Structures are given as C-alpha cells and as structure tokens.
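What follows is one structure encoded as structure tokens, with my remarks underneath.
Residue numbers (my numbering): -6 to 250.
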C-alpha cells in the first residue's frame, strides 16, 4: 500500500488503484508504487484477476512534466530505466489484467493501459501519445507495445501527430476492447475479471506467457515456447481435473496446482 497507489482485493479480484489528485500524473514515486503493487498481486495466490483503475474521473493523464522538465540526459538515462521497469512489472503479472479507462489515458497513462491484457473504456475517454508535442517520444513502451497492438501505421499516426482519439475510434482501431457508459467502466472491468475467477490459474499464466513471449520471437521459436508450456501443463493437477470433468460431463473445480 503506497501513498498514491494501493491494492484492493475482493472476490479474488485485485484492483490496482491510482489515486494521485488531480490527474494521476505518473511521477517517480507513483511509478515505483505501481511496480510494487504489480509484484504483490502477481505473488498473491488468492488473486486470480487484476483491474487497473484510476478512479471515476481519470485513468492517468501521463508523466509528471514538471518533474521531467529540468532533467538532463544523464538524469533521464537513469530514470527511464526505472520507468520502463515499472511498466514491465505490470506486463509480467501472470494473471488476466484489465484496464478500466475513464477520462484521459494519455502519454504514460496510455502506455500503462497498453500493459494490460484487455482495455475497457468509458464513452467519454480520450487516449493518445502526445509526447511529440513536447519534442520527445514515448518512453514507457509506447513505440513498442502500441504498434504490436494496433499495427505500425496506426501507431505512427498517433505517435507522430500526438493527437487524442475518442473511445469510439480507439475501439475501431483495436486500442480498446470494449466501450461502455462512463459510470459503468469499473463495474464492466470487474465483471470481465470475474469470468477468470475459479479458472485454471496455472494454465492461464502459461497461456499469457506463451502469447506474450511468442510476440517477441520468430514463429518457430514461438511454437517451441507454446509446446513447452503445453507439455508442462500435463504435470498439473488442474489438467487432470479439467479432462476428468470433460469426460464425466461435470463442471471442473480447479485447484490452481
């Protein structure tokens, strides 16, 4: 539990809640607290799904520009490693992660949302990578995760222009996966997260690792990653439970082992 980022757990769903008024600007302290919370929910065996949430008004409006403005090259060379490590910790949560996006998800806020497996946005949400308008580029994964998600041309459009996109456009280009009324964003993300509760947690972690690692390598290597994950699951109790339930036409009760 940090000053600006906390974990709330209910029904085996953890919410990583950003709460730094007014706009959840991602200064160094917030970044470190996000990483700590991400590692905590990953290690908590009682947590089966995770929601990233910035509150009813805003997801995260981006990095703290006032903090960055006077940094030298040497300062940022050190700080940018901390920044990327923070976001990488979120991507390495071995459980389904859903970003619940209200208001603005800009710059670092958009990059944080990109670290989730799925994104639910409110109808009034705005997303974008406006760093170019400051004379810089995204530094927390935007130039890498965004093109992997929506393709290089669309990613370049957003990064080169710095423009904000509406929730409707974000849905049409695959930047978000679902759009709901603003007041329903958090509940919709929780409902989605709840679909994973009681599932085969070991297999879900393996599936996430296989997909994410496979995106970073050639097809043959990716297939080998998949084969090893697939084969390894046959050593788990959950695999036996799942296949036995299938043959007996009953509902499996997975144990996470």
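Glycine included, each C-beta is placed from N, C-alpha and C at the ideal position.
Keep in mind it's a predicted model, so treat the numbers as computed, not measured.
- Around the beta carbon of residue 50, fewer than 16 other beta carbons lie within 10 angstroms, which makes this residue exposed.
- Here DSSP, grouped into helix, strand and coil, assigns residue 244 to coil.
- For residue 132, the closest C-alpha among the options 61, 0 and 236 is that of 61.
- For residue 60, there is no enclosing beta strand (DSSP E); the residue is part of the alpha helix (DSSP H) that begins and ends at 58 to 61.
- By the C-beta criterion, the stretch 188 to 208 is judged to be in contact with the stretch 39 to 54, since at least 3 inter-stretch pairs fall below 8 Å.
- Taking C-beta atoms as the reference points, residue 163 and residue 114 count as a pair closer than 8 Å.
- For residue 139, the enclosing alpha helix (DSSP H) starts and ends at 135 to 143.
- Under the three-state reduction of DSSP output, residue 115 falls in the strand class.
- Bounds of the beta strand (DSSP E) holding residue 7 are 6 to 11.
- For residue 43, the enclosing beta strand (DSSP E) begins and ends at 42 to 46.
- Counting along the chain, the unbroken beta strand (DSSP E) around residue 3 starts and ends at -2 to 3.
- Fewer than three Cβ pairs drawn from the stretch 74 to 85 and the stretch 111 to 126 lie within less than 8 Å of each other, which leaves the two stretches out of contact.
- By the neighbour-count criterion, in which a residue is buried when 16 or more other Cβ atoms sit within 10 angstroms of its Cβ, residue 221 is exposed.
- For residue 79, the closest alpha carbon among the candidates 26, 211 and 205 is that of 26.
- If you look at residue 171, you'll find it in the beta strand (DSSP E) that goes 171 to 173.
- Distances from the CA of residue 208 to each of 66, 175, 142 and 181 were compared; the closest alpha carbon is that of 142.
- Comparing alpha carbon positions, the residue from 33, 103 and 144 closest to residue 158 is 103.
- Taking residue 232 as the centre and dropping the five residues before and after it, the same chain places the C-beta of 226 closer than 6 Å to its C-beta, in chain order.
- By the neighbour-count criterion, in which 16 or more other beta carbons inside 10 Å mark a residue as buried, residue 70 falls on the exposed side.
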